[in-house]
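J.: Questions regarding the structure given below will be posed in turn.
Number of protein chains: 2
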Amino acid sequence: MQHYFLNQSIKVGQLISIPTEVKKHWIKVMRASDGTKAEFVDDHERVFIGELVQSSTTASIKVLCEKAFNAELPFSVTIVCGVSKNDKADWIVRKATEMGVDRVIFFASEWSIAKWPLNRVQKKLSRLNTIALSAAEQSHRNRVPLVDYQPKLESIIAADYSQKIVAYEESAKAGEESMLHHCINQMHLGDSLVAVFGPEGGIAPSEIALLESYGFKKAGLGPRILRTETAPLYLLAAISAFSELS
Amino acid sequence: MQHYFLNQSIKVGQLISIPTEVKKHWIKVMRASDGTKAEFVDDHERVFIGELVQSSTTASIKVLCEKAFNAELPFSVTIVCGVSKNDKADWIVRKATEMGVDRVIFFASEWSIAKWPLNRVQKKLSRLNTIALSAAEQSHRNRVPLVDYQPKLESIIAADYSQKIVAYEESAKAGEESMLHHCINQMHLGDSLVAVFGPEGGIAPSEIALLESYGFKKAGLGPRILRTETAPLYLLAAISAFSELS
């Protein structure tokens, strides 16, 4: 069944005019016809089942029932990633959305080879937020993650989070293997976790020092060296495993 | 430091003639010069530090010391994936290698839209095994995973494994969330786990029945719908988290 986000309140029994983007995908691409059902998420992350009702001039959703369903992680996870090369940002956003991320923030890290010129940031973010929407639909999330960019790491990490970690290859090499589990064990429903990841070249010692001064803990993600785009996925899957599977 | 697999025994103090492929990458691409150090893995998964020794006519590795290092998961994980579209096989092999997989077997599943024509299987496998080698070097593994293809699911699943699971979306939808953790908890050092994943269209009921007749357990991988190429990575990260991080 298709799954769409409507940025509005939804009530059972309501007849809703279909937003243009949803209409384009559901009717034109997926060839929905009269009576085809889909899931629709309201602006409070609630999921409803609706069916297509068409007349000669209009296409509407008839809301049939609410579906009690929560696909969100028990706590909010923000990943903060150094800008990386090629289409890795697309990939990180798509896969992290599937894995349950709440927010993705890219930053211009000291060792980033790639740069985001200021005059192209808005266009890049618009594209990445569209990818997040599409991935959230496909993975049947209750929420669309927000993708953002901040040139300065300090302005991101000064925000308030319950747990703060930095994925640090040197810690992993030194055998650090308990910090992530420890942090997750201390979290409760509705808490927030932020995790910082370097770009291809890694995270600079001065950035590590800055993060530590803000209370970030260095965490290893297992003994294998993970690429910059793989590490956030490992983290999200580990968080899901510890909090949703055990 | 670069990391290369030499398919031979290695002893400290030995002078080894550099294999062509290693020479091409280490000297031509990475521009190693006299005295540059790298890691070399022998045919028993042991890691050594060696340095480049060049004369006007030869290039050799002088083996300096052994590095006690194990980047392998505590047990062997085989993933069995329905053939999927586009370059997803490349992607699965690359990322699963980073995440510690031991063996990847593709099979012609009932609902696979993509097919591997028999006359192209060898070429595809050769390419995928090269990807596995390259990813194993980059993630500093002790072992290069083996990539294989079997047209029939039954010939794969009849083999002996300590734990056998099938990632089943319907189980996840029904709220199954304990099986994976349960299976991993029962495993000991050196045991083996096999996990089967369907292609884009999912796994057919007849395949589920066959798997169950061979003792496979249906496991959910969290409440979000994962794409066919994401699910094996979730599994591997969860196995690492449960066995290497806690």
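So the protein sequences, as listed, match chains F and B.
For the first sequence, position 16 (counting from the first letter as 1) is numbered 16 according to UniProt numbering, and the numbering increases by one without interruption.
For the second sequence, position 229 (counting from the first letter as 1) is numbered 229 according to UniProt numbering, and the numbering increases by one without interruption.
In this text, a Cβ means the ideal position worked out from N, Cα and C, and glycines have one as well.
Since the structure is predicted, the reported quantities are computational estimates derived from the model, not experimental observations.
1) Using 9 Å as the threshold, is the C-beta distance between residue 238/F and residue 80/F below it?
2) Of all the residues that make up the stretch 143-169 of chain B, which are near chain F by a beta-carbon distance shorter than 7 Å?
3) So residue 222/B contacts chain F; which residues on that side make the cut at Cβ distance below 7 Å?
4) Where are the beta strand (DSSP E) runs, 3 residues long or more, that stay fully inside the stretch 89-152 of chain F, in chain order?
5) Please tell me whether residue 105/B and residue 147/B are closer than 9 Å, where the distance is taken between their beta carbons.
6) Starting from residue 21/B, trace the alpha helix (DSSP H) in both directions and tell me its first and last residue.
7) Give the secondary structure of residue 76/B by DSSP, where H, G and I count as helix, E and B as strand, and everything else as coil.
8) Does DSSP put residue 10/F in a helix, in a strand, or in coil?
9) With a CB to CB cut of under 6 Å and the five nearest residues on each side skipped, what residues in its chain are close to residue 176/B?
10) Between 113/B, 111/B, 134/B and 67/B, which lies nearest to residue 96/B when the distance is taken from Cα to Cα?
11) Since residue 164/B sits in a beta bridge, which residues does DSSP pair it with?
12) Just the C-alpha distance for residue 51/B and residue 2/B, rounded to the nearest angstrom, thanks.
13) Applying a beta-carbon distance threshold of less than 7 Å, which residues of chain F neighbour residue 180/B?
14) So, using beta-carbon positions, are residue 149/B and residue 124/B closer together than 9 Å?
15) List the whole-angstrom C-beta distance separating residue 159/F from residue 128/F, where the pair is believed to meet the contact cut-off of C-beta under 8 Å.
16) Measuring CA to CA, which of 183/B, 9/B, 243/B and 202/B is closest to residue 216/B?
17) Hey, how far is the Cα of residue 141/F from the Cα of residue 7/F?
18) Any beta carbon of chain A sitting closer than 9 Å to that of residue 190/B?
19) Using a Cβ cut-off of 7 Å, pull out every chain F residue sitting near residue 98/B, in sequence order please.
20) With a CB to CB cut of under 6 Å and the five nearest residues on each side skipped, what residues in its chain are close to residue 32/B?
21) Are the C-beta atoms of residue 4/B and some chain F residue less than 9 Å apart?
22) Is the number of C-beta pairs between the stretch 106-121 of chain F and the stretch 199-216 of chain F that are closer than 8 Å three or more?
23) Can you grab the Cα-Cα spacing for the pair residue 23/B / residue 40/B, in whole Å?
24) Three-state secondary structure (DSSP) at residue 219/F?
25) Put residue 234/B into one of helix, strand or coil per three-state DSSP.
26) Find the nearest neighbour of residue 188/F within the set 214/F, 77/F, 117/F and 228/F, judged by alpha-carbon distance.
27) Which residues, in order along the stretch 90-116 of chain F, keep a beta-carbon less than 8 Å from a beta-carbon of chain B?
28) Would you kindly report the start and end of the unbroken beta strand (DSSP E) that includes residue 180/B?
T.: Per the coordinate set shown:
1) Within the first sequence, the letter at position 238 stands for residue 238/F. Within the first sequence, the letter at position 80 stands for residue 80/F. No.
2) none
3) Working through the second sequence from its first residue, we reach residue 222/B at position 222. Neighbours of residue 222/B on chain F, chain order: 240, 244 and 245.
4) 103-107 and 146-150
5) Mapped onto the second sequence, residue 105/B falls at position 105. Mapped onto the second sequence, residue 147/B falls at position 147. Yes, these two residues count as a Cβ contact at 9 Å.
6) Along the second sequence, read from residue 1 onward, the residue named residue 21/B stands at position 21. Per DSSP, residue 21/B belongs to the alpha helix (DSSP H) from 20-23.
7) For the purposes of this step, residue 76/B is taken as residue 76 along the second sequence, with counting starting at 1. Note: residue 76/B maps to strand in three-state DSSP.
8) The residue you call residue 10/F lines up with position 10 of the first sequence. Three-state result, residue 10/F: coil.
9) One-based indexing of the second sequence puts residue 176/B at position 176. If we look at residue 176/B and ignore the five residues flanking it on each side, its Cβ neighbours are 220.
10) For the purposes of this step, residue 96/B is identified with residue 96 of the second sequence, where counting begins at 1. Residue 134/B is the option with its Cα nearest to residue 96/B.
11) Within the second sequence, residue 164/B is the residue found at index 164, counting from 1. Answer is 194/B.
12) Stepping through the second sequence from its first residue, residue 51/B is reached at position 51. Stepping through the second sequence from its first residue, residue 2/B is reached at position 2. Whole-angstrom Cα-Cα distance: 11 Å.
13) Stepping through the second sequence from its first residue, residue 180/B is reached at position 180. Neighbours of residue 180/B on chain F, chain order: 245.
14) The residue given as residue 149/B occupies position 149 in the second sequence. The residue given as residue 124/B occupies position 124 in the second sequence. Yes.
15) Taking the first sequence and counting its residues from 1, one reaches residue 159/F at position 159. Taking the first sequence and counting its residues from 1, one reaches residue 128/F at position 128. The Cβ separation is near 20 Å, so there is no contact.
16) The residue given as residue 216/B occupies position 216 in the second sequence. Measuring from the Cα of residue 216/B, the nearest candidate turns out to be 183/B.
17) Within the first sequence, the letter at position 141 stands for residue 141/F. Within the first sequence, the letter at position 7 stands for residue 7/F. So the two alpha carbons sit approximately 14 Å from each other.
18) No chain A is part of this structure, whose protein chains are labelled F and B.
19) Reading the second sequence from its first residue, position 98 is the one you call residue 98/B. Those within 7 Å of residue 98/B in chain F are 224, 226, 227 and 230.
20) If you number the second sequence from 1, residue 32/B lands on position 32. Taken in chain order, the residues that qualify are 26 and 52.
21) On the second sequence, residue 4/B is found 4 positions in, with the first residue counted as 1. Not an interface residue.
22) yes
23) The residue given as residue 23/B occupies position 23 in the second sequence. The residue given as residue 40/B occupies position 40 in the second sequence. Straight-line Cα distance between these residues: approximately 13 Å.
24) Taking the first residue of the first sequence as position 1, residue 219/F is located at position 219. Of the three classes helix, strand and coil, the one that applies to residue 219/F here is strand, per DSSP.
25) As a first step, residue 234/B must be located in the second sequence, where it is residue number 234. Note: residue 234/B maps to helix in three-state DSSP.
26) On the first sequence, position 188 is the one that residue 188/F refers to. Comparing Cα-Cα distances from residue 188/F to each of 214/F, 77/F, 117/F and 228/F, the minimum goes to 77/F.
27) 95, 98, 99 and 100
28) Counting from one through the second sequence, the residue named residue 180/B turns up at place 180. First-last for residue 180/B: 179-185, but that is the alpha helix (DSSP H), not the beta strand (DSSP E).
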